[in-house]
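Below: one structure, written as structure tokens.
Protein chains: 2
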Amino acid sequence: MGRIKTENNSSRKDVIIKKAAELFKEKGFKAASMRELAEVVGVEAASLYNHIRSKSELLHLICFNVANRYNLMMDEVESEKTTSLQKIEKIVRFLIAGMVHNFEEVYVSDREWKYLTEPYLSNFQAQRRAYRKRFAAIIEDGIKKKEIKKIDSTTAVLIMLHAISGIESWHRSKEKINGKELEENMITILVGGLRK
Amino acid sequence: MGRIKTENNSSRKDVIIKKAAELFKEKGFKAASMRELAEVVGVEAASLYNHIRSKSELLHLICFNVANRYNLMMDEVESEKTTSLQKIEKIVRFLIAGMVHNFEEVYVSDREWKYLTEPYLSNFQAQRRAYRKRFAAIIEDGIKKKEIKKIDSTTAVLIMLHAISGIESWHRSKEKINGKELEENMITILVGGLRK
DNA sequence: AATTTACGCTAACATATGTTAGTACAAAAG
DNA sequence: CTTTTGTACTAACATATGTTAGCGTAAATT
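Residue numbers (our numbering), protein chains in the order written: chain W, 1 to 196; chain U, 1001 to 1196.
Here it is, written out as structure tokens:
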């Protein structure tokens, strides 16, 4: 057959990663086979290995791509001179936008990271923990400054992150409200629920 | 080897289902093998088939067990003469309690249902949809009666259900706050975020 | 135009997996 | 005690899976 079609200076490897994210999201990492991936890419399974080292490389590329973006976002938010509530709102909006526009990748990173192999697994978990701590610290700061209700910050982080990852169902649903509307609803409930 | 040990008039099949839920939760349905399950049950893989029909039977037993409990709970809540907010609080408390006390089973039903086979898959999805609709209807009722902020009820349901399923992370975490405290925190944020 | 590189193919591998067949023996029922 | 039933075992199966080896050809480089 012909070669893998690329577009806009993305490499063939990028194409494979993109399709892998879609497949892993749909079937789950373990249930998705390299032969299936090959088929959606339009090539034989063995040919994939001219571009990637292994199936698990695909997973860790996807996961760390997302993790890196989150870290950069956190750096940015922390450096801003805004109120805690504004910071939280910015984080939540960023996460929602990620869920809406980079859905497959974010979803896979969220749900399938446990199939990472060492040392990537430990590394990923550490980043995840660190990132949640930073989020919790912002909330605690807001509580100290009396902008935010007195609640357990760890629980609040947990609620917000998981509520957002629930946008998955929104993707599945037929009677979709639009993305912007979804975002405003979530801000109302999540951020509104914190405000003192 | 010896036989599967049962206790308190639970059948050997029940023991297998329980262990299967633990294993499916830990490894994911696809990644968990019957040989692994056999090992934790303390028996050879082939012996499991004296008690169950197939691996996928295990999954659908787990999923429908949870689904049935949810439906019963919904029936009960709907029949009560309480305010919408009280109904919502009751649902949320029920769900949190389920997450805390029947963790493995609920987790599997939440995350692994997509590996159900037909006709169970369609049936399960239908029940899930119905159950969410009922939940949303309660919220809409509360909005109509001005107990609840004017928000999109579907989004609110989505947020609450996923926030609760995030208790998974609470199970993993070391510095666990206690279950009751977690529950109160979640009620504050989730139900508090709805109140007008 | 000649050479090198990139990339696709077929074939095959080793292993893992769900499941069945057939057998032996312990527990329960009579 | 004898019979029947339940339950565990070993062996084997068919299939699916990730991956590698080796080869040919189109694309890129010189």
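Beta carbons are placed, not taken as given, at the ideal position from N, Cα and C, and that holds for glycine. Since we're looking at a predicted model, the values are computed, not measured.
Shown here, I148 (chain W) sits in a strand according to DSSP, grouped into three states. Judged by beta-carbon spacing, A1097 (chain U) lies beyond the 9 angstroms limit of I1062 (chain U), meaning their Cβ atoms are not closer than that value. Here DSSP, grouped into helix, strand and coil, assigns R1053 (chain U) to coil. Among the bridge pairs identified by DSSP, R35 (chain W) is matched with none. Against chain U, the beta carbon of L182 (chain W) has neighbours under 7 angstroms at T1155, listed in chain order. Inclusion of N71 (chain W) and Q127 (chain W) in the CB contact set at 9 angstroms is warranted, their separation being smaller than that value. For F135 (chain W), the CB contacts under 6 angstroms within the same chain, skipping 5 residues up- and downstream, are V157 in chain order. Residue state for R1003 (chain U) is assigned as coil, using DSSP reduced to three classes. Against chain U, the beta carbon of I177 (chain W) has neighbours under 9 angstroms at D1152, T1154, T1155, listed in chain order. By the 16-neighbour rule on beta-carbons within 10 angstroms, G1142 (chain U) is buried. Look at the region 1033-1067 of chain U: it has no residue with a C-beta under 9 angstroms from a C-beta of chain W. Excluding five sequence positions before and after S1153 (chain U), the CB atoms of its chain that fall closer than 6 angstroms to its own CB belong to A1136, I1139, E1140, given in chain order. Annotation: S1173 (chain U) is outside any alpha helix (DSSP H) and is labelled neither H nor E by DSSP.
With a threshold of 9 angstroms between beta carbons, A1031 (chain U) makes contact with chain W. Taking I1167 (chain U) as reference, the option from W:K87, W:I159, W:E78, W:S79 with the minimal CA-CA separation is W:I159. Secondary structure note for L85 (chain W): its alpha helix (DSSP H) is the uninterrupted segment 84-101. By DSSP's assignment, R1195 (chain U) forms a beta bridge with U:I1148. The alpha carbon of K27 (chain W) has as its nearest neighbour, out of U:V1108, U:I1004, U:E1112, the alpha carbon of U:E1112.
W1170 (chain U) has a beta carbon lying within less than 9 angstroms of a beta carbon in chain W.
Within chain U, no residue has its beta carbon less than 9 angstroms from that of H101 (chain W); the closest one is some 18 angstroms off. Using a Cβ-Cβ cut-off of 7 angstroms, L158 (chain W) is close to G1166, S1169, W1170 of chain U, given in chain order. Only residues of its own chain outside the window of five on either side were considered, and among them V1100 have a CB closer than 6 angstroms to the CB of G1179 (chain U), listed in chain order. In this structure, Y131 (chain W) lies near A67 (chain W), with their beta-carbon atoms less than 9 angstroms apart.
A residue is called buried once 16 or more other Cβ atoms fall within 10 Å of its Cβ, and A1163 (chain U) is buried on that count.
Excluding residues up to 5 positions away in sequence, I1004, K1005, T1006, V1041 lie with their Cβ nearer than 8 angstroms to the Cβ of V1015 (chain U) in the same chain. The beta-carbon of I1189 (chain U) is placed less than 9 angstroms from the nearest beta-carbon of chain W. Boundaries of the alpha helix (DSSP H) harbouring F1024 (chain U): 1012-1027, taken from the DSSP string.
The DSSP-derived three-state label of L1058 (chain U) is helix. Annotation: K1081 (chain U) to F1029 (chain U) spans about 41 angstroms, alpha carbon to alpha carbon.
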